[in-house]
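Participant: Attaching a single structure in structure tokens format; questions to follow.
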Amino acid sequence: SLRCSQNSDLCCRKDYYVDFRDIGWNDWIIKPEGYQINYCVGQCPLHVAGSPGMASSFHTAVFNLVKANNIQASGHSCCVPTRRRPLSILYFDRNSNIVKTDIPDMIVDACGCS
Amino acid sequence: AAAEQRCPSCPEASERRLLEEVAKKQLLEKLRLRDRPRLAHSVPRSAVARALRRLHRSPGVSGEEEEEEEQGYEIISFAETPRWVRDPHLTSPSSLGLQFQFSQAQDRDVRILQAQLWLYLRVPRASLTLRIFLAGEAGPAAGGNRTLLGERRLSAAGSGWRSFALLPAPQSFLGGQSRTLRLELESSGDGRDVTAQVNASWSHQPFLVAKVKVKEPDHRVAKR
């Protein structure tokens, strides 16, 4: 759930806003004007495996297993979305009907290490 | 954008283009559209604003059990140019035909939870009873079989937008292949026919507000 910054290559959330005018889709998408196409990027070294951006019981459990079994970095822990939210959208379909729907899990809110 | 103008081949510019392509692909995939819609005809902004105001006013879908694999949609459909008596679907000379075109994807189960018709009516001094039918199929074979969807007696004289709940929600028009809903309006009251009471002009197009649930084909759970 940490936003990416210049001075760290650890797993973080990269924010990016796409404005529908920039891609020429504002003629058929009525609302919103754009949306956050955030994504997760960064390293997940062993000592942070299982941490969704901050220490948590899952992380402690993983870390203890690693210590107890002296597991080398055979497997990989990946930087993945740990919390996402829906995008409410209002648009014209090809018959000029207005359609309103919520697209689930569309926006990445937080990232963490698997 | 400024950076992009200065140096189109810089990493920021190419990352920006890549993300915009990803955003387009993600949106079309989540909306289950093959390509972005090319609008058949534009809708006046005032009609959009008026319809959206009513969309917020229409009651939410209460008590509808949430099935997680169903996606909920609210659709506002504006009537195509009203058909007068020439329309073969109409069974009585003084009725008004309204046609709505839906473009729900063919391969998915669509359930209509609610449907409301909004009309701009001029109610004469005397009372007016309006009946709304689901028009039958066209042509001589049809025999004018139509289904009553709504009937209401309006006594408050004056002009304004009125809504009519269509019950039972006309499930059939989304089940078939045509995706076209044809309604037939008839009025009785002060003797003038319904075309004198309904303002179906471009600025006051009748519109339909429907709440639907769409079940995805790959989510069809075998009922055990």
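So the protein sequences, as listed, match chains W and F. Heads up, the first sequence is in the working numbering, so the first residue is 1 and it goes up one at a time. Heads up, the second sequence is in the working numbering, so the first residue is 1001 and it goes up one at a time. For each residue, glycine too, the CB sits at the ideal point set by N, CA and C.
(1) Of the choices F:1128, F:1076, F:1070, whose alpha-carbon is the least far from that of residue 1110 (chain F)?
(2) What three-state label does DSSP hand residue 1167 (chain F) in the structure shown?
(3) Apart from the five residues on each side of it in sequence, which residues of its chain come closer than 6 Å, Cβ to Cβ, to residue 1211 (chain F)?
(4) Rounded to whole angstroms, how far is the Cβ of residue 88 (chain W) from the Cβ of residue 109 (chain W), which I believe are closer than 8 Å?
(5) Between which residues of its own chain and residue 1141 (chain F) is the CB-CB distance below 8 Å, once the five residues before and five after are set aside?
(6) Which stretch, first to last residue, makes up the beta strand (DSSP E) that contains residue 1124 (chain F)?
(7) Taking a cut of 8 Å between CB atoms, which residues from the segment 1037-1058 of chain F lie near chain W?
(8) Using only CA atoms, which one of F:1166, F:1182, F:1188 lies nearest to residue 1154 (chain F)?
(9) Which whole-angstrom value describes the C-beta separation of residue 1037 (chain F) and residue 28 (chain W), a residue pair presumed to lie in contact below a C-beta threshold of 8 Å?
(10) I'd like to know if residue 1020 (chain F) contacts chain W, where contact means its C-beta is closer than 8 Å to some C-beta of that chain.
(11) Look at the alpha carbon of residue 1156 (chain F) and the alpha carbon of residue 1150 (chain F), and state the distance between them as a whole number of angstroms.
(12) Less than 8 Å separating the beta-carbons of residue 30 (chain W) and residue 92 (chain W)?
(13) In the DSSP output, what is residue 1072 (chain F) paired with across the bridge?
(14) Roughly how far, in whole angstroms, is the beta-carbon of residue 1034 (chain F) from the beta-carbon of residue 1209 (chain F), given that I think they are within contact range, below 8 Å?
(15) Whole angstroms are fine: how far does the CA of residue 1206 (chain F) sit from the CA of residue 1080 (chain F)?
(16) Can you look up residue 1110 (chain F) in the DSSP assignment and give me helix, strand or coil?
(17) Could you pull out every residue in the same chain whose Cβ sits closer than 7 Å to the Cβ of residue 1078 (chain F), ignoring the five residues on either side in sequence?
(18) Where does residue 117 (chain W) land, buried or exposed, given buried means 16+ other C-beta within 10 angstroms?
(19) Could you name the residues of chain F that residue 37 (chain W) contacts, counting a contact when the two beta carbons are closer than 8 Å?
(20) Which residues of chain W have a Cβ atom closer than 7 Å to the Cβ of residue 1120 (chain F), listed in chain order?
(21) In the DSSP assignment, find the unbroken beta strand (DSSP E) run with residue 42 (chain W) in it and report its ends.
(22) Alpha carbon to alpha carbon, how far is residue 1213 (chain F) from residue 7 (chain W)? Give it in angstroms, no decimals.
(23) Residue 1160 (chain F): buried (16+ other C-beta within 10 angstroms of its C-beta) or exposed?
(24) By how many angstroms is the C-alpha of residue 43 (chain W) removed from the C-alpha of residue 37 (chain W)?
(25) When we look at the beta-carbon of residue 111 (chain W) and count the other beta-carbons within 10 Å, is it buried (16 or more) or exposed?
(26) For residue 26 (chain W), return the contacting residues in chain F, with the cut-off set at a CB-CB distance below 8 Å.
(27) Given that residue 1072 (chain F) touches chain W, what residues does it touch there, using C-beta distances under 8 Å?
(28) Could you tell me whether any Cβ in chain F is nearer than 8 Å to the Cβ of residue 77 (chain W)?
(29) With respect to 7 Å, is the separation between the Cβ of residue 1118 (chain F) and the closest non-hydrogen atom of the ligand NAP below this value?
(30) Per DSSP, which residues does residue 81 (chain W) bridge with? Please list them.
(31) Give every residue of the same chain whose Cβ lies closer than 7 Å to the Cβ of residue 90 (chain W), excluding the five residues on either side of it in the sequence, and list them in chain order.
(32) For a test of the three-state rule: what should DSSP assign to residue 1016 (chain F), helix, strand or coil?
Facilitator: With the structure as the only source:
(1) The sequence position of residue 1110 (chain F) within the second sequence is 110, counting from 1. Here the closest residue by C-alpha is F:1070.
(2) The residue given as residue 1167 (chain F) occupies position 167 in the second sequence. DSSP places residue 1167 (chain F) in coil when its eight states are reduced to three.
(3) On the second sequence, position 211 is the one that residue 1211 (chain F) refers to. Excluding sequence neighbours, residue 1211 (chain F) sits near 1061, 1074, 1113, 1114.
(4) Residue 88 (chain W) sits at position 88 when you count from the first residue of the first sequence. Residue 109 (chain W) sits at position 109 when you count from the first residue of the first sequence. No, residue 88 (chain W) and residue 109 (chain W) are not in contact; Cβ-Cβ is about 15 Å, not under 8 Å.
(5) Taking the second sequence and counting its residues from 1, the one referred to as residue 1141 (chain F) is at position 141. Reliability fails at residue 1141 (chain F), whose pLDDT of 43 lies under 50, so the model's placement of it is uncertain and the value that follows must be treated cautiously. None.
(6) Indexing the second sequence from 1 puts residue 1124 (chain F) at position 124. First-last for residue 1124 (chain F): undefined, no H or E at that position.
(7) 1037, 1038, 1039, 1040, 1041, 1042, 1043, 1048, 1051, 1052, 1055
(8) For the purposes of this step, residue 1154 (chain F) is taken as residue 154 along the second sequence, with counting starting at 1. Minimum Cα distance to residue 1154 (chain F) is reached at F:1188.
(9) Residue numbering aside, residue 1037 (chain F) sits at position 37 when the second sequence is read from its first letter. Residue numbering aside, residue 28 (chain W) sits at position 28 when the first sequence is read from its first letter. Indeed they touch by this definition, with Cβ atoms about 5 Å apart.
(10) The sequence position of residue 1020 (chain F) within the second sequence is 20, counting from 1. Judged by the 8 Å Cβ criterion, residue 1020 (chain F) is in contact with chain W.
(11) Within the second sequence, residue 1156 (chain F) is the residue found at index 156, counting from 1. Within the second sequence, residue 1150 (chain F) is the residue found at index 150, counting from 1. Going by the C-alpha atoms only, they are around 18 Å apart.
(12) Working through the first sequence from its first residue, we reach residue 30 (chain W) at position 30. Working through the first sequence from its first residue, we reach residue 92 (chain W) at position 92. Yes, the Cβ-Cβ distance between residue 30 (chain W) and residue 92 (chain W) is below 8 Å.
(13) On the second sequence, position 72 is the one that residue 1072 (chain F) refers to. In DSSP, residue 1072 (chain F) forms a bridge with F:1213.
(14) Against the second sequence, residue 1034 (chain F) aligns to sequence position 34. Against the second sequence, residue 1209 (chain F) aligns to sequence position 209. Contact flag wrong, Cβ pair sits at about 26 Å.
(15) For the purposes of this step, residue 1080 (chain F) is identified with residue 80 of the second sequence, where counting begins at 1. For the purposes of this step, residue 1206 (chain F) is identified with residue 206 of the second sequence, where counting begins at 1. Residue 1080 (chain F) and residue 1206 (chain F): Cα-Cα distance of roughly 9 Å.
(16) Mapped onto the second sequence, residue 1110 (chain F) falls at position 110. If DSSP states are grouped into helix, strand and coil, residue 1110 (chain F) belongs with the strands.
(17) Against the second sequence, residue 1078 (chain F) aligns to sequence position 78. Cβ within range, chain order: 1043, 1047, 1205, 1207.
(18) For chain W, the structure presents residues 1 to 114; residue 117 (chain W) sits outside this window and is missing.
(19) As a working note, residue 37 (chain W) is residue 37 in the first sequence. By Cβ distance, chain F contributes 1019, 1022, 1023, 1026.
(20) Walking along the second sequence from the start, residue 1120 (chain F) turns up at place 120. Within chain W, no residue comes near residue 1120 (chain F); the closest Cβ sits about 18 Å away, beyond 7 Å.
(21) Looking up residue 42 (chain W) in the first sequence gives position 42. No beta strand (DSSP E) holds residue 42 (chain W); DSSP gives it neither H nor E.
(22) Taking the first residue of the first sequence as position 1, residue 7 (chain W) is located at position 7. Taking the first residue of the second sequence as position 1, residue 1213 (chain F) is located at position 213. Rounded to the nearest angstrom, the two C-alpha atoms are 47 Å apart.
(23) Mapped onto the second sequence, residue 1160 (chain F) falls at position 160. Flag for residue 1160 (chain F) reads exposed.
(24) As a working mapping, residue 37 (chain W) is identified with position 37 in the first sequence. As a working mapping, residue 43 (chain W) is identified with position 43 in the first sequence. Their Cα atoms are separated by approximately 20 Å.
(25) As a first step, residue 111 (chain W) must be located in the first sequence, where it is residue number 111. With 16 or more other Cβ atoms within 10 Å, it is buried.
(26) Residue 26 (chain W) sits at position 26 when you count from the first residue of the first sequence. Simply none; closest approach about 11 Å.
(27) If you number the second sequence from 1, residue 1072 (chain F) lands on position 72. Chain W residues near residue 1072 (chain F): 101, 102.
(28) As a position in the first sequence, residue 77 (chain W) is number 77, starting the count at 1. No - not a single Cβ of chain F is within 8 Å of the one on residue 77 (chain W).
(29) The ligand NAP is absent from the structure shown, which contains no ligands of any kind.
(30) For the purposes of this step, residue 81 (chain W) is identified with residue 81 of the first sequence, where counting begins at 1. Partner(s): W:111.
(31) The residue labelled residue 90 (chain W) in the question sits at position 90 within the first sequence. Taken in chain order, the residues that qualify are 30, 31, 98, 100.
(32) Translated into the one-based positions of the second sequence, residue 1016 (chain F) becomes position 16. Residue state, collapsed to three classes: helix.
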